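Visitor: Handing you a structure now.
There are 2 protein chains.
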Amino acid sequence: MRKENSTNAENQKILEMSCGLTYAVELLNGRWKVNVIWNLSKGINRYGQIKRNIPGISEKMLTQRLKDLEKEGLIIREDFKTVPPRVEYHLTEAGKELVPVLKKLCNWGAKVRKETSVSF
Amino acid sequence: MRKENSTNAENQKILEMSCGLTYAVELLNGRWKVNVIWNLSKGINRYGQIKRNIPGISEKMLTQRLKDLEKEGLIIREDFKTVPPRVEYHLTEAGKELVPVLKKLCNWGAKVRKETSVSF
DNA sequence: TACGGTACATACAATTTAGTTCGTAGTTAT
DNA sequence: ATAACTACGAACTAAATTGTATGTACCGTA
Numbered sequence: 000m001r002k003e004n005s006t007n008a009e010n011q012k013i014l015e016m017s018c019g020l021t022y023a024v025e026l027l028n029g030r031w032k033v034n035v036i037w038n039l040s041k042g043i044n045r046y047g048q049i050k051r052n053i054p055g056i057s058e059k060m061l062t063q064r065l066k067d068l069e070k071e072g073l074i075i076r077e078d079f080k081t082v083p084p085r086v087e088y089h090l091t092e093a094g095k096e097l098v099p100v101l102k103k104l105c106n107w108g109a110k111v112r113k114e115t116s117v118s119f
Numbered sequence: 000m001r002k003e004n005s006t007n008a009e010n011q012k013i014l015e016m017s018c019g020l021t022y023a024v025e026l027l028n029g030r031w032k033v034n035v036i037w038n039l040s041k042g043i044n045r046y047g048q049i050k051r052n053i054p055g056i057s058e059k060m061l062t063q064r065l066k067d068l069e070k071e072g073l074i075i076r077e078d079f080k081t082v083p084p085r086v087e088y089h090l091t092e093a094g095k096e097l098v099p100v101l102k103k104l105c106n107w108g109a110k111v112r113k114e115t116s117v118s119f
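Here the protein sequences line up with chains A and B, keeping their order. Going by numbering that gives the first Met the number 0, the residue at position 103 of the first sequence is 102; the numbering climbs one at a time, nothing skipped. Going by numbering that gives the first Met the number 0, the residue at position 14 of the second sequence is 13; the numbering climbs one at a time, nothing skipped.
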């Protein structure tokens with residue numbers, strides 16, 4: 000958790016307030032986050048499925064990211080209250096609207112990566 | 000011939016997409032980074048000017064971000080070798096191509112922020 | 001009886017990032 | 001004479017993120 004009155008936290012708040020761009024970037028900040036969103040946009044909605052679809056992610060990180068995204072209003076958690084447990088995550092409207100933007104970002108990233116990866 | 004909707008092809012697509020995307024997100028990662036890019040896109044090219052345009056940024060962070068962006072191939076540093084020193088930073092082609100994507104991200108962020116900032 | 005599957009929680013350690021402070025050198029303005 | 005401006009560099013501290021290792025509860029299967 001972020002301390003309330005550190006310069007670090009202050010700056011984050013200032014940036015989030017200052018404009019839509021910094022707000023968006025702060026939201027996307029956090030490893031695995033876009034991968035989770037991407038999976039949800041593909042119809043992969045259960046914890047275990049997402050986990051299996053993101054090689055390398057730990058259970059803690061997945062749990063944390065899902066919570067983050069829920070807090071931020073990008074996804075909704077639906078608990079079916081069954082045994083064994085079944086929980087589904089879905090993108091909200093805001094989350095869905097982000098997907099095409101991520102696609103553009105993805106295209107740009109793929110292109111730039113090709114151009115700059117000459118050294119490898 | 001590879002089937003269009005085989006699991007293999009789907010997975011490959013997902014991986015390619017998520018790779019370009021995660022690559023892009025990693026590039027954007029780092030506080031103040033998009034602010035610097037934004038300033039450069041508006042024709043604010045000198046260290047001091049950028050610093051004055053980003054309230055709260057420290058000189059160390061600005062220096063660091065400029066270096067990062069240069070390494071990543073998004074900006075170029077031009078030293079005029081004068082006294083007092085004059086250095087200009089400019090977006091590369093890759094950097095310029097990112098700007099419209101950032102605009103979309105900005106619009107999305109502004110919209111989402113309005114919707115979710117009821118508490119303020 | 002022991003294990004695997006479900007979806008997490010919690011304590012802790014390691015790593016990375018962000019921010020503070022002080023310093024450089026030459027020139028110009030007060 | 002002193003301060004400010006230019007664009008940084010380096011050492012250091014504070015804070016945040018990420019990862020690891022464990023435990024939880026319930027059920028079905030072998």
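Even glycine gets a Cβ: it sits at the ideal position worked out from N, Cα and C. All values reported here derive from a predicted model rather than from experimental measurement.
Pick out whichever of B:107, B:94, B:113 and B:106 has its Cα sitting closest to the Cα of residue 27 of chain B.
Guide: Comparing Cα positions, the closest option is B:94.
Visitor: Taking 7 Å as the threshold (beta carbon to beta carbon), is residue 111 of chain B in contact with chain A?
Guide: It does: the Cβ of residue 111 of chain B has a partner Cβ on chain A nearer than 7 Å.
Visitor: How about residue 23 of chain A and residue 55 of chain B: do their beta carbons lie closer than 7 Å?
Guide: The answer is no: Cβ separation not under 7 Å.
Visitor: At which residues does the alpha helix (DSSP H) containing residue 49 of chain A begin and terminate?
Guide: Residues 46-52.
Visitor: Can you grab the Cα-Cα spacing for the pair residue 100 of chain B / residue 104 of chain A, in whole Å?
Guide: Taking the straight line from one Cα to the other gives about 6 Å.
Visitor: Pull up the DSSP beta-bridge partners for residue 85 of chain B, would you.
Guide: In DSSP, residue 85 of chain B forms no bridge with anything.
Visitor: Any beta carbon from chain B within less than 7 Å of residue 91 of chain A's own beta carbon?
Guide: Cβ-Cβ to chain B under 7 Å: no for residue 91 of chain A.
Visitor: So if DSSP puts residue 78 of chain A in a beta bridge, which residue, or which two residues, is it bridged to?
Guide: DSSP, once it has assigned bridges, lists A:86 as partnering residue 78 of chain A.
Visitor: From the beta carbon of residue 62 of chain A, is the nearest beta carbon of chain B less than 7 Å away?
Guide: Judged by the 7 Å Cβ criterion, residue 62 of chain A is not in contact with chain B.
Visitor: When you compare the CB positions of residue 40 of chain A and residue 86 of chain A, do they come within less than 7 Å of one another, or not?
Guide: Going by C-beta atoms, residue 40 of chain A is not nearer than 7 Å to residue 86 of chain A.
Visitor: Counting only beta-carbon atoms, is residue 88 of chain A nearer than 7 Å to chain B?
Guide: So, not an interface residue.
Visitor: Quick one: is residue 103 of chain A near chain B, going by C-beta distance under 7 Å?
Guide: Output row for residue 103 of chain A: interface = yes.
Visitor: Determine the DSSP secondary structure at residue 121 of chain A, reduced to helix, strand or coil.
Guide: For chain A, the structure presents residues 0 to 119; residue 121 of chain A sits outside this window and is missing.
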